[in-house]
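So the sequences go chain by chain: Z and L. So the first sequence is numbered by the working numbering: it starts at 1 and just counts up by one. So the second sequence is numbered by the working numbering: it starts at 256 and just counts up by one. We put the beta carbon where it would ideally sit given N, CA and C, even for glycine. In this text the structure is predicted, and so the values were computed from the model without any measurement. Below you'll find the structure, written out as structure tokens, and then a few comments.
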Amino acid sequence: MRKLIPGVDSQLLIKDAAKVMPDPMRRTFLRGAFSLGALTFLTGCDIIDSDAAEGVLRKISEFNDGAQAALFSSTKLAPVYPESAITRPFPFNAYYDEDDAPNVDGAAYKLAVGGLVDNKKSWTLDELYALPQVSQITRHVCVEGWSAIGSWQGAQLSEFLKRIGADTRAKYVWFKCAEGYTNTIDMPTAMHPQTQMTFRFDNKILPRAYGFPMKIRMPTKLGYKNPKYVVAMEVTNTDRGGYWEDQGYNWFGGQ
Amino acid sequence: MMPGQGAMTAETIAAPSAEKAIHPVWVRVTHWINAIAILVMIGSGWQIYNASPLFDFTFAKSITLGGWLGGAIQWHFAAMWVLMVNGLVYLTLGFATGRFRRKLWPITPSAVLADVKAALTFKLAHDDLSHYNAVQKLLYSGVILSGIIVVLSGLAIWKPVQFQELTTLFGGYNFARYVHFFAMAAIVGFLVVHVALALLVPKSLRAMVTGR
Numbered sequence: 001m002r003k004l005i006p007g008v009d010s011q012l013l014i015k016d017a018a019k020v021m022p023d024p025m026r027r028t029f030l031r032g033a034f035s036l037g038a039l040t041f042l043t044g045c046d047i048i049d050s051d052a053a054e055g056v057l058r059k060i061s062e063f064n065d066g067a068q069a070a071l072f073s074s075t076k077l078a079p080v081y082p083e084s085a086i087t088r089p090f091p092f093n094a095y096y097d098e099d100d101a102p103n104v105d106g107a108a109y110k111l112a113v114g115g116l117v118d119n120k121k122s123w124t125l126d127e128l129y130a131l132p133q134v135s136q137i138t139r140h141v142c143v144e145g146w147s148a149i150g151s152w153q154g155a156q157l158s159e160f161l162k163r164i165g166a167d168t169r170a171k172y173v174w175f176k177c178a179e180g181y182t183n184t185i186d187m188p189t190a191m192h193p194q195t196q197m198t199f200r201f202d203n204k205i206l207p208r209a210y211g212f213p214m215k216i217r218m219p220t221k222l223g224y225k226n227p228k229y230v231v232a233m234e235v236t237n238t239d240r241g242g243y244w245e246d247q248g249y250n251w252f253g254g255q
Numbered sequence: 256m257m258p259g260q261g262a263m264t265a266e267t268i269a270a271p272s273a274e275k276a277i278h279p280v281w282v283r284v285t286h287w288i289n290a291i292a293i294l295v296m297i298g299s300g301w302q303i304y305n306a307s308p309l310f311d312f313t314f315a316k317s318i319t320l321g322g323w324l325g326g327a328i329q330w331h332f333a334a335m336w337v338l339m340v341n342g343l344v345y346l347t348l349g350f351a352t353g354r355f356r357r358k359l360w361p362i363t364p365s366a367v368l369a370d371v372k373a374a375l376t377f378k379l380a381h382d383d384l385s386h387y388n389a390v391q392k393l394l395y396s397g398v399i400l401s402g403i404i405v406v407l408s409g410l411a412i413w414k415p416v417q418f419q420e421l422t423t424l425f426g427g428y429n430f431a432r433y434v435h436f437f438a439m440a441a442i443v444g445f446l447v448v449h450v451a452l453a454l455l456v457p458k459s460l461r462a463m464v465t466g467r
């Protein structure tokens, strides 16, 4: 950590720092710059450095990842609801229109499994459907604020990870989706009893809108951390980020 | 000063003037840190609201902070720590030093009514800044309470699984969003009155900066 340089005008420094930013971000940054002093004392970052200035908010977001990991309980279950509470129709939500959602061929589908696992064989849908199935009616919370209650059926991810001989001491599980969406989650969440490889919605084969053939349902995480159309997963110690996380959404995305 | 007294030491000069300070230094420091944090929280909170509005309106982009939802969330969950830590220091010292009890207590309905009447007829005195009238007591207590509610309901929305007991206390996830919104609205309402009056009575603003 560097010390403040005496006689240096912090206002000018903030302006200098903003020059290296893309335009919309710069405007936002300057609008909020008055509070940077307050933010600095929390992070211990030195905003004198322009690289650090760009990253202050991201640093705090990373700090919040750690705070959320500490708050996360492996045994605390998300509240469950009766069937009458299910939101009908359950909303479709993505960064593209419903018509543009991936159309995965179930007969040809094979879930690729990789990384720190003993058995890297791919899984057909029939094999996945034959896994012990569990069910949950839980609340899906979107980062935007709205929420909806859905009914999901599938296999426990923790059970599947044990079955394939995954190294559950690894830090992350990474998911790749048919349309290119990606998502990295922490191992404690992957091992949470309600984290589910979902094949059905409301006891019917998962419709295309909700992620056919497989969604990863995590009621302990926000919607953008619940990938749909999952075609590959990898157990890894490398954080490979994710579609929204790389754009600035919080990495942990817990709730 | 006693006549015939010799040269005074720095301590004897400082002691009586420190007693006269309307706002001790911890009040002034926490006040201005809170002012910054709450403005960031409100500006970014409005941007977050716009992503999924609770009512038939959105906030103009020019008065929101963060540029987009992801940026606003980064601001909101950064200033959150400032607001919480600073608020805890303020509440702890407010109770521990007896300031809340001395300045904000008691609040009686009859005193509030009398002072509202006096204020509306422009007879409410502002001579002694160290003494709060009943309307001030009510507003300051109210905004402190709103601050506590806005933080707790915010935690209930942020962590409806890990803090699910708190979320239930606020009537569930969806209801807690409305609680959070109305607590914000109460704070904004207070701010309008508070800032307007501080500008009308500039010595009150000076007191919050210099202490006197």
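Quiz item: How many angstroms separate the CA atom of G223(Z) from the CA atom of S385(L)?
Solution: 51 Å
Self-check item: Simplified DSSP state of S307(L), which is helix, strand or coil
Solution: coil
Exercise. Kindly say whether G402(L), judged by its beta-carbon, lies nearer than 8 Å to any beta-carbon of chain Z.
Key: no
Quiz item: With burial defined as no fewer than 16 other Cβ atoms inside 10 Å of the residue's Cβ, what is the status of S401(L): buried or exposed?
Solution: The residue in question, S401(L), is buried, as its Cβ has 16 or more Cβ neighbours within 10 Å.
Self-check item: Residue interval of the beta strand (DSSP E) (run including T138(Z))
Solution: V134 to V141
Quiz item: chain L partners of P82(Z), CB-CB under 9 Å?
Solution: In chain order: nothing, as chain L lies at least about 14 Å away.
Self-check item: Contact check, P213(Z) vs N183(Z), beta carbons under 8 Å
Solution: no
Quiz item: Within 8 Å (strictly less), CB to CB, does F212(Z) reach chain L?
Solution: So, not an interface residue.
Practice problem: Give the single residue among R58(Z), F199(Z) and K120(Z) whose Cα lies nearest to the Cα of P132(Z). | Solution: F199(Z)
Quiz item: What residue from M197(Z), T87(Z), K204(Z) and E83(Z) has the CA that sits closest to S158(Z)'s CA?
Solution: M197(Z)
Exercise. Give a yes or no on whether the minimum CB-CB distance between Q133(Z) and chain L is below 8 Å.
Key: no
Self-check item: Given 8 Å, three or more beta-carbon pairs between the stretch 459-466 of chain L and the stretch 280-288 of chain L
Solution: yes
Quiz item: Taking all protein chains shown into account, do 16 or more other C-beta atoms lie within 10 angstroms of the C-beta of G211(Z), making it buried, or fewer, making it exposed?
Solution: buried
Exercise. In the DSSP assignment, find the beta strand (DSSP E) that holds Q419(L) and state where it starts and stops.
Key: Per DSSP, Q419(L) belongs to no beta strand (DSSP E); it is in the alpha helix (DSSP H), Q419 to L424.
Practice problem: Taking 8 Å as the threshold, find out whether the stretch 127-143 of chain Z comes into contact with the stretch 286-293 of chain L through three or more Cβ pairs. | Solution: no
Practice problem: Below 7 Å between beta carbons is the criterion; list the residues of the stretch 64-76 of chain Z that meet it against any residue of chain L, in chain order. | Solution: Under the 7 Å Cβ criterion, the stretch 64-76 of chain Z contributes N64, L71, F72, S73 and K76.
Practice problem: Decide if V372(L) is buried, meaning its Cβ has at least 16 other Cβ atoms within 10 Å, or exposed. | Solution: Looking at the sequence provided, one finds Lys at residue 372(L) rather than Val. Per the 10 Å Cβ criterion, exposed.
Practice problem: Indicate the three-state DSSP secondary structure (helix, strand or coil) for K110(Z) in the structure shown. | Solution: DSSP, reduced to helix, strand and coil, places K110(Z) within a strand of the structure shown.
Self-check item: R208(Z) and A85(Z) closer than 8 Å at C-beta
Solution: no
Exercise. Check whether the Cβ of P280(Z) lies closer than 8 Å to any Cβ atom in chain L.
Key: Past the edges of chain Z, shown from 1 to 255, lies residue 280(Z), and the structure says nothing about it.
Practice problem: Report the neighbours of I60(Z) on chain L: residues whose CB is nearer than 8 Å to its CB, in chain order. | Solution: Q329, F332, A333 and W336
Quiz item: What are the start and end residues of the alpha helix (DSSP H) that includes M191(Z)?
Solution: Here M191(Z) belongs to no alpha helix (DSSP H), and DSSP marks it neither H nor E.
Quiz item: Per DSSP, what kind of secondary structure is Y262(Z) in: helix, strand or coil?
Solution: Not covered by the structure: residue 262(Z). The range shown for chain Z is 1 to 255.
Exercise. Using a Cβ-Cβ cut-off of less than 8 Å, list which residues of the stretch 424-448 of chain L approach chain Z; keep chain order.
Key: Y428, N429 and R432
Quiz item: How about T195(Z) and G115(Z): are their beta carbons less than 8 Å apart?
Solution: Between T195(Z) and G115(Z), the C-beta spacing is not below 8 Å.
Quiz prompt | Exposure of W360(L), with buried meaning 16 or more beta-carbon neighbours within 10 Å | solution = For W360(L), the number of other beta carbons within 10 angstroms of its own is below 16, and it is reported as exposed.
Quiz prompt | Chain-order list of residues whose beta-carbon lies under 7 Å from that of N468(L) (same chain, five-residue window excluded) | solution = Missing from the structure shown is residue 468(L); chain L here goes from 256 to 467 and no further.
Quiz item: Going along the chain, which residues of its own chain have a beta-carbon closer than 6 Å to the beta-carbon of S135(Z), five neighbours each way excluded?
Solution: Q153
Quiz item: Span of the beta strand (DSSP E) holding T236(Z)?
Solution: V230 to T236
Practice problem: Check K171(Z) in the structure and name its three-state DSSP category. | Solution: Coil at K171(Z), not helix or strand.
Practice problem: Compare the C-beta of S408(L) with all C-beta atoms of chain Z and state if any pair is closer than 8 Å. | Solution: no
Exercise. Check each candidate in A441(L), F425(L) and I404(L) and name the one with the smallest Cα separation from G342(L).
Key: I404(L)
Quiz item: Is there contact here, the stretch 440-460 of chain L with the stretch 314-324 of chain L, by at least three beta-carbon pairs under 8 Å?
Solution: Taking 8 Å as the limit for Cβ pairs, the verdict is that the stretch 314-324 of chain L does not touch the stretch 440-460 of chain L.
Quiz prompt | chain Z residues whose Cβ lies nearer than 7 Å to that of Q419(L) | solution = Neighbours of Q419(L) across chain Z, judged by C-beta separation under 7 Å: P79.
Quiz item: What in chain L is Cβ-close to F57(Z), meaning under 8 Å?
Solution: Note that residue 57(Z) is Leu in the sequence shown here, rather than Phe. Neighbours of L57(Z) in chain L, taken as residues at a C-beta separation under 8 Å, are given in chain order as G326, Q329, W330 and A333.
Practice problem: Could you name the residues of chain L that W146(Z) contacts, counting a contact when the two beta carbons are closer than 7 Å? | Solution: S307
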